[in-house]
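Asks: First the structure, then my questions, so here it is.
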Amino acid sequence: MNKKTKKICVKGPASLKGKVNVGGSKNAVLPILAATLISDEESIIRNVPDMTDITVMIAMLRVLGKTVERNGSVVTVRKSDGLTGEAPYRLVRKLRASVLVMGGLAARKKNIRVALPGGCAIGTRPIDIHLKGFKKMGADIKVSKGFVNLNSSGLRSAVINLDYPSVGATENLAIAASRTEGETVLENIAREPEVEEMLAFLEAMGVEIEPSSRSVKIRGRKEFRPVDFTVMDDRIQAGTYLIAGALKGSKVEIDFSHPHVLEALIHKLEESGADVDVDGNKIRVCGPSRPMPSEIRTAPYPGFPTDLQAPFCAYLARTKGVSVVSEEVFENRFLHCAELMRMGADLEVKGESVIVTGVKNLTGAPVKACDLRGGAALIIAALSAKGLTEITGISHIERGYDNIVHILRSLGADIREEEEVNGESLNND
Ligand code: UD1
Numbered sequence: 008m009n010k011k012t013k014k015i016c017v018k019g020p021a022s023l024k025g026k027v028n029v030g031g032s033k034n035a036v037l038p039i040l041a042a043t044l045i046s047d048e049e050s051i052i053r054n055v056p057d058m059t060d061i062t063v064m065i066a067m068l069r070v071l072g073k074t075v076e077r078n079g080s081v082v083t084v085r086k087s088d089g090l091t092g093e094a095p096y097r098l099v100r101k102l103r104a105s106v107l108v109m110g111g112l113a114a115r116k117k118n119i120r121v122a123l124p125g126g127c128a129i130g131t132r133p134i135d136i137h138l139k140g141f142k143k144m145g146a147d148i149k150v151s152k153g154f155v156n157l158n159s160s161g162l163r164s165a166v167i168n169l170d171y172p173s174v175g176a177t178e179n180l181a182i183a184a185s186r187t188e189g190e191t192v193l194e195n196i197a198r199e200p201e202v203e204e205m206l207a208f209l210e211a212m213g214v215e216i217e218p219s220s221r222s223v224k225i226r227g228r229k230e231f232r233p234v235d236f237t238v239m240d241d242r243i244q245a246g247t248y249l250i251a252g253a254l255k256g257s258k259v260e261i262d263f264s265h266p267h268v269l270e271a272l273i274h275k276l277e278e279s280g281a282d283v284d285v286d287g288n289k290i291r292v293c294g295p296s297r298p299m300p301s302e303i304r305t306a307p308y309p310g311f312p313t314d315l316q317a318p319f320c321a322y323l324a325r326t327k328g329v330s331v332v333s334e335e336v337f338e339n340r341f342l343h344c345a346e347l348m349r350m351g352a353d354l355e356v357k358g359e360s361v362i363v364t365g366v367k368n369l370t371g372a373p374v375k376a377c378d379l380r381g382g383a384a385l386i387i388a389a390l391s392a393k394g395l396t397e398i399t400g401i402s403h404i405e406r407g408y409d410n411i412v413h414i415l416r417s418l419g420a421d422i423r424e425e426e427e428v429n430g431e432s433l434n435n436d
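Residues in the sequence shown are numbered from 8 upward in steps of one, following the working numbering.
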């Protein structure tokens with residue numbers, strides 16, 4: 008049988024010139040889709056990006072009993088005959104964020120079963136904080152045969168202090184609280200822009216939401232309004248193109264609805280010698296010939312985003328000096344380092360940090376994307392490397408980047424996708 012795989016081929020170095028329009032935020036759309044489970048009214052969601060993670064979440068909603076239509080970047084979710092209470096492993100294993108359906112299902116059904124996602128390339132990623140919260144809301148929880156079973160005679164409102172400001176736990180519990188009678192208070196919550204966006208969606212549905220600096224009060228209800236909601240642009244894609252635009256000789260303008268949410272990255276790019284100018288919804292970036300070294304430490308928002316750590320690491324590979332990159336959100340997010348080293352980067356992983364000793368030039372090489380943002384890092388490195396880089400494992404990149412090959416080509420990069428059948432390349436332009 009013929010086995011087809013795809014790879015991305017980049018001939019560097021590239022000087023990128025031009026404009027990028029960033030599409031909708033994956034990490035905002037995912038919890039928003041999950042939140043539609045609490046309502047029987049129609050939800051129209053606009054600016055939905057074309058990525059495999061979104062396709063899987065839509066498939067999950069359909070399996071659970073929702074009617075979902077997709078027309079380009081507009082997704083319409085409607086009620087159907089009734090919800091089933093089981094989120095199957097075949098979908099959860101493709102998309103960890105599908106555990107976000109737990110909140111909506113638990114608020115509506117007495118007995119539900121959601122497959123446990125297990126670990127992934129960037130760490131064990133448990134969901135204990137989600138489960139502790141549901142327990143506080145009165146659910147009896149049993150984990151058996153790879154599934155979480157949540158049983159209750161109806162969730163009740165509670166005051167829940169999260170052990171860590173987990174993005175997913177904040178979203179899951181906020182969705183559940185929105186359909187639970189009374190006032191639920193979530194403390195020590197994540198304040199990522201995507202969490203705010205989902206709270207804005209719940210508010211548009213009619214839920215009363217009162218946020219304060221690190222907590223939120225949610226007054227649940229059973230009746231909701233139909234919603235027509237346009238999702239914010241994707242800050243991680245915008246950030247990735249900003250980093251690409253800071254490569255030597257590049258000059259890129261990014262059209263992005265919320266430039267202020269990229270402040271931590273913009274600050275670090277400026278520190279490295281890039282010229283960054285924010286003007287309304289436009290961010291213009293112009294790269295230094297060789298960046299200055301930097302120190303970054305990932306942290307919950309407004310700190311430096313863990314999702315941009317790998318692409319920034321690739322950018323720092325060519326600095327004049329030594330940089331230190333510390334990953335404090337995920338336990339194992341340095342898989343890209345070994346691949347970057349194959350391209351000539353001088354990196355040393357020490358516990359939760361990587362020491363990046365800048366080299367003058369990277370060189371093209373065959374490399375493999377092992378996770379989504381690590382894959383983006385390889386593209387950044389390939390754009391600045393001399394010669395041909397062939398990146399395999401691109402299904403990881405397709406999970407979270409909408410049309411990245413086309414966008415970079417429009418900026419002048421020599422980049423294309425190729426299909427391989429049994430290891431033989433076929434041009435797939
Ligand atoms: C979300 C984002 C992901 C981003 C991350 C941090 C989506 C779909 N994904 O992931 O792109 O990198 O936020 O900004 O929005 N943890 C626990 N127990 C829990 C929950 C989390 O120990 O119950 C740990 C995780 O293992 C991780 C850290 O907390 O080390 C952060 O996780 P969390 O904020 O929950 O990230 P996700 O929602 O999975």
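Where a beta carbon is used, it is the ideal one built from N, C-alpha and C, also for glycine.
This structure is a prediction, so every number in the text was calculated from the model and none was measured.
In three-state terms, what does DSSP make of S360?
Replies: In this structure, S360 counts as strand in the three-state DSSP scheme.
Asks: Are E217 and K224 close, meaning C-beta to C-beta below 7 Å?
Replies: The answer is yes: Cβ separation under 7 Å.
Asks: How long is the line joining the alpha carbons of D436 and G145, rounded to whole angstroms?
Replies: In this prediction, D436 has a pLDDT of 41, which is less than 50 and means its spatial position is unreliable; what the coordinates show is noted afterwards. Roughly 54 Å separates the two Cα atoms.
Asks: Note down, in chain order, each residue of its chain lying with its Cβ closer than 6 Å to the Cβ of A184, except the 5 sequence neighbours on either side.
Replies: Here the set comprises T191, I225, G227.
Asks: For ligand 1, any of its heavy atoms closer than 6 Å to the Cβ of T313?
Replies: Flag set: Cβ of T313 near ligand 1.
Asks: Residues in its own chain within less than 8 Å of R163 by CB, not counting five upstream and five downstream?
Replies: Closer than 8 Å at the Cβ level, and outside the excluded window around R163, lie M144, G145, T187, E188, G189.
Asks: Would you kindly report the start and end of the unbroken alpha helix (DSSP H) that includes F231?
Replies: That residue, F231, is in no alpha helix (DSSP H); it is neither H nor E in DSSP.
Asks: Determine whether the beta carbon atoms of C344 and V336 lie at a separation below 7 Å.
Replies: Against a cut-off of 7 Å, the Cβ pair of V336 and C344 comes out as no contact.
Asks: Check each candidate in N288, K149, A281, G31 and name the one with the smallest Cα separation from H267.
Replies: It is N288 whose Cα lies nearest to the Cα of H267.
Asks: In the DSSP output, which residue or residues are listed as bridge partners for C16?
Replies: According to DSSP, C16 bridges with E397, R423.
Asks: How would you call S330, buried or exposed, if buried means at least 16 neighbouring beta carbons within 10 angstroms?
Replies: It counts as buried.
Asks: Express the C-alpha separation of P295 and N434 in angstroms, rounding to a whole number.
Replies: Bear in mind that a pLDDT of 44 at N434, under 50, signals an unreliable position, so the number given afterwards is only what the model happens to contain. Each residue's Cα considered, the two are about 34 Å apart.
Asks: Looking at A388 and L418, is the spacing between their C-beta atoms short of 7 Å?
Replies: No, these two residues do not count as a Cβ contact at 7 Å.
Asks: Restricting to runs no shorter than 4 residues, where is the alpha helix (DSSP H) found entirely within the stretch 315 to 364?
Replies: Segments of the alpha helix (DSSP H) lying fully in the stretch 315 to 364: 316 to 323, 342 to 349.
Asks: By a C-beta neighbour count over all protein chains shown, 10 Å radius and 16 as the cutoff for buried, is T396 buried or exposed?
Replies: Its Cβ being crowded by 16 or more others within 10 Å, T396 is buried.
Asks: Using the C-alpha atoms, what's the distance from T247 back to S264?
Replies: Answer to the nearest angstrom: the Cα atoms are 15 Å apart.
Asks: State whether the stretch 29 to 40 contacts the stretch 268 to 286, with contact taken as three or more CB pairs (one from each stretch) at a distance under 8 Å.
Replies: Cβ pair count under 8 Å is below three, so no.
Asks: Give me the residue from A66, V99, D47, S105 with the minimum Cα distance to G175.
Replies: For the residues A66, V99, D47, S105, the minimum Cα distance to G175 belongs to S105.
Asks: To the nearest angstrom, report how far apart A392 and R232 are at their CA atoms.
Replies: Their backbone Cα atoms lie some 52 Å apart in a straight line.
Asks: Any idea if E2 is buried or exposed, counting beta-carbon neighbours within 10 angstroms, 16 or more meaning buried?
Replies: The requested residue 2 does not occur in the structure, where the chain is confined to residues 8 to 436.
Asks: Over the uninterrupted beta strand (DSSP E) stretch that includes P53, give me the two end residues.
Replies: First, the residue type needs correcting, since residue 53 is Arg and not Pro in the sequence shown. 50 to 53 is the extent of the beta strand (DSSP E) around R53.
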